[in-house]
Amino acid sequence: MMDRLLRRCRIKSSLFRECLAEFFGVYVLILFGCGSVAQVTTSQNTNGEYLSINLGFALGTTFGIYVAKGVSGAHLNPAVSLTLCVLGRFSWTCLPFYVCSQLLGAFLAAATVALQYYDAIMDFTGGHLTVSGATATAGIFSTYPADYLSLWGGVVDQIIGTAALLVCVLALGDPHNTPAPPGLEPVLVGAAVLVIGISMGSNSGYAINPARDFGPRLFSYIAGWGDDVFRAGHGWWWIPVFVTCVGALLGALLYELLIGVHHPDSEPEDAEDLKAVHQQTVELDGMQPQFDTVKENGKHGIFSITSADIG
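When we follow this note's numbering, the leftmost residue of the sequence shown carries the number 156, and every step to the right adds one.
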């Protein structure tokens, strides 16, 4: 009976299924990530410390990818989705749907963390929800710059951090390089997030993901922290939203120019190689409709590159 009920709940639209997967994957990421910040903040570092936050986001990323990977490819990041569009591995038509799903997942995950830690937040703040000061709690949900960081310094920080993320992710998914072992990609992407947090987190909290920052920020604005969440840090909010996309594109460009185009098997060296490449192209052209069907059914993320993508 349960199987029949679940089958009736199956959504026919492949795009809708992929959006649900993106929504739920980001929800898991933010639930663990922001949850770890809430625990450290409200306990005043007695139940965790900065490393706990790094681990929370790293493991949240890992399990979020495991949740969504088989359905949507597990982008979990608008900057990643945008980069895949630019690289020709993802449909521009699907981009706004993925981004909206990612933002919604982050928003609702932040709401869940606020609900779970409501009593702790009220006790820690005395009921006064603030963005700055000794009892500030807005940082539970989104990132804010350190007092010493200028806007220009924040731009540089987010470009470098997000570029580093995309370099690592593209390397792990490159079939011509040394790709991650099947099934371990989420663990290694989580490790990349962890090392970015450990090495680049102190300036502004390493957002490196527009949905991770803007969705929870919008929630905190609605939930009582007010418009200070957008005015703090000299209007910091737009940097994690837009500059991270620039960093992602830069990271992809660097990887493709320095690594991707230089694989030995990507350039035929003699006539025999040219003939083999021509034959492979003919065969792939004949199989193209099958690959198009695969793409329409999803699984077109970084770690789901088909022969059609390679061709």
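The beta carbon of each residue, even a glycine, is placed where N, CA and C say it ideally should be. Note that the structure is a prediction, hence the values are computed from the model and not measured.
1. Rounding to the nearest angstrom, what Cα-Cα distance links residue 329 and residue 344 in this structure?
2. Suppose the cutoff is 7 Å on Cβ atoms and the five residues either side in sequence are ignored; what does the same chain contact list for residue 335 look like?
3. Can the beta-carbon of residue 321 be found closer than 8 Å to that of residue 238?
4. Using 10 angstroms around the beta-carbon of residue 159, count the other beta-carbons present and answer buried if the total reaches 16, otherwise exposed.
5. Using only the alpha-carbon positions, how far apart do residue 156 and residue 221 sit?
6. Could you tell me the distance, in whole angstroms, from the CA atom of residue 169 to the CA atom of residue 268?
7. Could you tell me the alpha carbon to alpha carbon distance between residue 384 and residue 251, rounded to whole angstroms?
8. For the 8 Å Cβ check, are there 3 or more pairs between the stretch 290-306 and the stretch 354-366?
9. Just how far apart, CA to CA, sit residue 405 and residue 314?
10. Just mark residue 337 as buried or exposed, buried being the case when its beta carbon has 16 or more other beta carbons within 10 Å.
11. Tell me the rounded alpha-carbon separation between residue 407 and residue 318.
12. Quick check on residue 174: buried or exposed, where buried means 16 or more other Cβ atoms within 10 Å of its Cβ?
13. Look at the alpha carbon of residue 189 and the alpha carbon of residue 244, and state the distance between them as a whole number of angstroms.
14. Run through DSSP, which three-state label would residue 291 get?
15. With DSSP run on the structure shown, which of helix, strand or coil describes residue 224?
16. Assign residue 323 to buried or exposed, taking buried as 16 or more other Cβ atoms, counted over all protein chains shown, within 10 Å of its Cβ.
17. Pick helix, strand or coil for residue 165, following the three-state DSSP scheme.
18. Would you kindly report the start and end of the unbroken alpha helix (DSSP H) that includes residue 355?
19. What does a CB cutoff of less than 6 Å around residue 331 pick up in its chain, not counting 5 residues either side in sequence?
20. Return helix, strand or coil for residue 200, following the three-state DSSP convention.
21. If you measure between the beta carbons of residue 212 and residue 352, is that distance less than 8 Å?
22. Using a Cβ-Cβ distance cut-off of 8 Å, determine whether residue 331 contacts chain D.
23. Would you mind working out which of 202, 224, 234, 354 sits nearest residue 275, comparing C-alpha positions?
For this structure:
1. 13 Å
2. 327, 343
3. yes
4. exposed
5. 28 Å
6. 30 Å
7. 25 Å
8. yes
9. 8 Å
10. exposed
11. 7 Å
12. buried
13. 30 Å
14. coil
15. helix
16. buried
17. coil
18. 340-355
19. 418
20. coil
21. yes
22. The structure shown contains no chain D; it is built from a single protein chain.
23. 202
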